[in-house]
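Chains as they are written, first to last, in the UniProt record's numbering: chain A, 1 to 356; chain B, 1 to 265. Built from N, CA and C at the ideal position, the CB exists for glycine as well. Working notes, structure below.
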Amino acid sequence: MTAVSAKSPRLTATTQAPARPATGEIPGLYWVVGALLVLAPLFCSHFVLLQILGWAMILGMIALSLMFLAGYGGMVSLVQLTIAGIAGYLTAILGTSAVSGISLNWPWWLAVPVAMLVAVVFGTLVGALAVRTAGIYTIMITLAIAAAFFYFVQQNYAVFNGFTGFNNLIPPVFLGVDWHNPIAFYYLILSCAALAYLAVLYVARTPFGLALQGVRDNARRMAALGFSVTAHRIAAYSVASLIAAVAGVLLVWLNAQVSPGTVAVGPAIDILIIAVVGGIGHPIGAFIGALIYVILRTFALDALVAVGLSGERFQLLIGLGFLIIVFGSPDGLLGLWTKLQNRSQRGILPDREVSR
Amino acid sequence: MSAVATRSIAERLSSAGTANALELRGVTKLFGALAALTDISLSVSPGERRAVLGSNGAGKTTLFNCITGDFLPTSGTIRLFGEDVTRFPAHERIRRGLRRTYQISQLFPGLSVLDNVYLACCGVSRSRFSFIRPRRDDALLATAEQLTEAVHLRDVRDIKVAVLSYGQQRQLEIALALAGAPRFVLFDEPAAGLSPTERRELVEILTNLPGHMGFIIIEHDMDVALRVAERVTMMHNGRIFKEGLPEEIEADPEVQALYLGGGHA
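Printed below as a string of structure tokens:
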């Protein structure tokens, strides 16, 4: 067509490589951030390593599982923290905790995989239920399940130890390393987070990941191409649940405890806020959002007290930040970043946007 | 392209008693009290190219939606290559060799052109659930690239579909329907909104399809419809009221009164 050939010299210049337009070459910023994270134990205190970076990466993984469903699949699920919580709770129940009357003292190599498996099965079942709904109804049904699980564990003493939950949950010793050691545990979290992040990036370009994005863009056409849309959506829940389950185990090891507060409705909604603030169009957004959230959670209280306000108001700060970011850029901070980049280098091709 | 040779094979197969590519018996579709389709019976033999004509609201697109499984018919049966698919979900019919295009393009705007075509190729293959990225020499990827080239979209293959021109989107729409070796395709107004040049290219694509690949085309443009079709079915108010060769239909006074004369150039 004439319209194409007019444009083609410029387009072919950017798309000459026979390879697929994959994630492209790794930008320099990634190397810098990666190196900083790997070298962090050299210049960060244990507090920063675990309570800031570690926590942010764990929350980032849970938000990543939501991003996978929402960003690629167009399904907003509020049950991701609950899935993480189930993995965490089962690690406590099957493994070792201070509540010796309930915990079964299985070795970690049995307790942790079984805990994750149960969490994935649970997430898949929730998915099977939720994919039959769309939009706001998916949000409501997953929120209802999250709330139900919270009240259930709070009131069940026989298995979930009610209001108290479980404490003294520590990472085991394996491969000759005591993972309870802060630096070792930091690296464990970092490896899991990096693996989850890279896995999501990888899967996004596989037939499964592309099909998920196809389902998001046009479910009817996907069916007309031979895809079972329902099966694809449910499978996406399984994949997301696996990421959330890994994060859940790490979360209870980080806090050394799990209780109904871990899986309450407030924190479940925080996961959505994290993902949206960071930017739901790209996996990295989940981690950016989580880091901002953790920094606000940790320091807003002190900052507020310092200027003479009540420390309770930190939620207000988070809320205001959320509003500003969402109004300023629907794609979260990542969207803001791309906007700035586009402004500095005019005429960037639209297919290089973050939201793929 | 040895279209003639393959067509004769298809004809031999069909004359040897092979089932019809598509067979509708008494298909009726009601939307509440409105009968969109009434007692439609239609047989299309393998490799046959059929045009379905009719004014707006005649039920042509509803007919397509019933055949592909977007809607379940209220009554009647639909057979695809002899198999009763009346109650099958859409994706099961597609896996048996049926494809369609849409009057309003149904694409994946967030993905690149090549990804759109590649997805279409994956849909009917086992790799649709694959968690492994395709290698550069991947067979499906190669097919997708060929198909992208066949519909003249090679230069824009890495561009997001959302920014394609209308004509390019229509061409991609056709590419998606031709992916994965279809046996029977339903084209829903493929020429709508295309320029004269683009229409010529479309006719070329349709006439050059392999001979075993039958299709039904809904088309208002008589130049396109009568040039590519071997037989014509006329629909009016949800019923089939005439069927015949293109020249018979063109010459039919009833048809002219109802349709051709009805403001059509």
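Pick from the options: whose alpha carbon is nearest that of residue i?
i: residue 286 (chain A); options: A:242, A:60 and A:74; result: A:60
i: residue 163 (chain A); options: A:135, A:263 and A:133; result: A:263
i: residue 227 (chain B); options: B:245, B:241 and B:212; result: B:245
i: residue 230 (chain B); options: B:60, B:39, B:44 and B:38; result: B:44
i: residue 393 (chain A); options: A:30, A:153, A:70 and A:35; result: For residue 393 (chain A) there is no data in the structure shown, the boundaries of chain A being 1 and 356.
i: residue 210 (chain B); options: B:176, B:169, B:149 and B:182; result: B:182
i: residue 111 (chain A); options: A:93, A:123 and A:127; result: A:93
i: residue 36 (chain B); options: B:26, B:59, B:53 and B:46; result: B:59
i: residue 42 (chain A); options: A:336, A:333, A:96 and A:184; result: A:184
i: residue 159 (chain B); options: B:116, B:253, B:32 and B:214; result: B:116
i: residue 104 (chain B); options: B:234, B:146, B:191 and B:224; result: B:191
i: residue 39 (chain B); options: B:236, B:258 and B:70; result: B:236
i: residue 105 (chain A); options: A:116, A:117 and A:91; result: A:91
i: residue 197 (chain B); options: B:106, B:167 and B:172; result: B:167
i: residue 193 (chain B); options: B:178, B:179, B:165 and B:180; result: B:165
i: residue 179 (chain B); options: B:51, B:92, B:53 and B:97; result: B:97
i: residue 278 (chain A); options: A:56, A:75 and A:117; result: A:56
i: residue 172 (chain A); options: A:250, A:127 and A:99; result: A:250
i: residue 25 (chain B); options: B:239, B:61 and B:224; result: B:239
i: residue 58 (chain A); options: A:213, A:195, A:332 and A:265; result: A:195
i: residue 232 (chain B); options: B:51, B:41, B:123 and B:46; result: B:51
Any idea what DSSP makes of residue i, helix, strand or coil?
i: residue 167 (chain A); result: strand
i: residue 144 (chain A); result: helix
i: residue 257 (chain A); result: strand
i: residue 85 (chain B); result: coil
i: residue 243 (chain A); result: helix
i: residue 65 (chain A); result: helix
i: residue 36 (chain A); result: helix
i: residue 127 (chain B); result: helix
i: residue 214 (chain B); result: strand
i: residue 173 (chain A); result: strand
i: residue 341 (chain A); result: helix
i: residue 86 (chain A); result: helix
i: residue 258 (chain B); result: helix
i: residue 149 (chain B); result: helix
i: residue 21 (chain B); result: coil
i: residue 170 (chain B); result: helix
i: residue 297 (chain A); result: helix
i: residue 11 (chain A); result: Reliability of the predicted coordinates at residue 11 (chain A) is poor, the pLDDT of 34 falling under 50, and the value obtained from them is presented with this limitation in mind. Correct three-state label for residue 11 (chain A): helix.
i: residue 108 (chain B); result: coil
i: residue 233 (chain A); result: helix
i: residue 52 (chain B); result: strand
i: residue 178 (chain A); result: strand
i: residue 35 (chain B); result: strand
i: residue 245 (chain B); result: coil
i: residue 157 (chain B); result: coil
i: residue 252 (chain B); result: coil
i: residue 278 (chain A); result: helix
Count the other CB atoms within 10 Å of the CB of residue i; is the residue buried (16 or more) or exposed (fewer)?
i: residue 180 (chain A); result: exposed
i: residue 77 (chain A); result: buried
i: residue 155 (chain A); result: exposed
i: residue 188 (chain B); result: buried
i: residue 101 (chain A); result: exposed
i: residue 340 (chain A); result: exposed
i: residue 56 (chain B); result: exposed
i: residue 33 (chain B); result: exposed
i: residue 21 (chain A); result: Note that residue 21 (chain A) has pLDDT 40, beneath the 50 cutoff, so the model's placement of it is unreliable and no number is given.
i: residue 270 (chain A); result: buried
i: residue 208 (chain A); result: buried
i: residue 187 (chain A); result: buried
i: residue 222 (chain A); result: buried
Under the criterion of a Cβ to heavy atom distance below 7 Å, does residue i qualify as lining the ligand SAM?
i: residue 144 (chain B); result: Among the components modelled here there is no ligand, and therefore nothing to report on the ligand SAM.
contact_flag[the region 149-159 of chain B, the region 249-257 of chain A] where n(CB pairs < 8 Å) is 3 or more
no
Anything in the region 94-107 of chain B with a Cβ closer than 7 Å to a Cβ of chain A? List those residues in chain order, please.
94, 95, 100, 106 and 107
Interface residues of the region 61-87 of chain B facing chain A [CB-CB below 9 Å]:
68, 69 and 70
Contact set between the region 130-144 of chain B and chain A, restricted to residues whose Cβ is under 9 Å from the partner:
130, 131, 132, 133, 134, 136, 140 and 141
Examine the Cβ distances between the region 280-299 of chain A and the region 197-207 of chain A and report whether three or more of them are shorter than 8 Å.
yes
Quick test of the definition: if touching needs 3 or more C-beta pairs under 8 Å, does the region 232-245 of chain A touch the region 26-41 of chain A?
no
Counting Cβ pairs, one atom from each stretch, are 3 or more of them under 8 Å apart for the region 289-297 of chain A and the region 73-91 of chain A?
no
Is the region 139-148 of chain B close to the region 111-125 of chain B, with three or more CB pairs under 8 Å?
yes
Quick one: which residues of the region 261-294 of chain A get their C-beta closer than 9 Å to a C-beta of chain B? List them in chain order.
none
Does the region 145-161 of chain A touch the region 207-219 of chain A, meaning 3 or more C-beta pairs lie closer than 8 Å?
no
May I ask you to verify whether the region 211-220 of chain B touches the region 77-91 of chain B, counting CB pairs closer than 8 Å and requiring at least 3?
no
Please list, in chain order, the residues of the region 220-232 of chain A that have any C-beta partner in chain B closer than 7 Å.
220, 221, 223, 224, 225, 226, 227 and 228
Selection of the region 193-215 of chain A by Cβ proximity to chain B, strictly under 7 Å:
202, 203, 205, 206, 207, 208, 210, 211, 213 and 214
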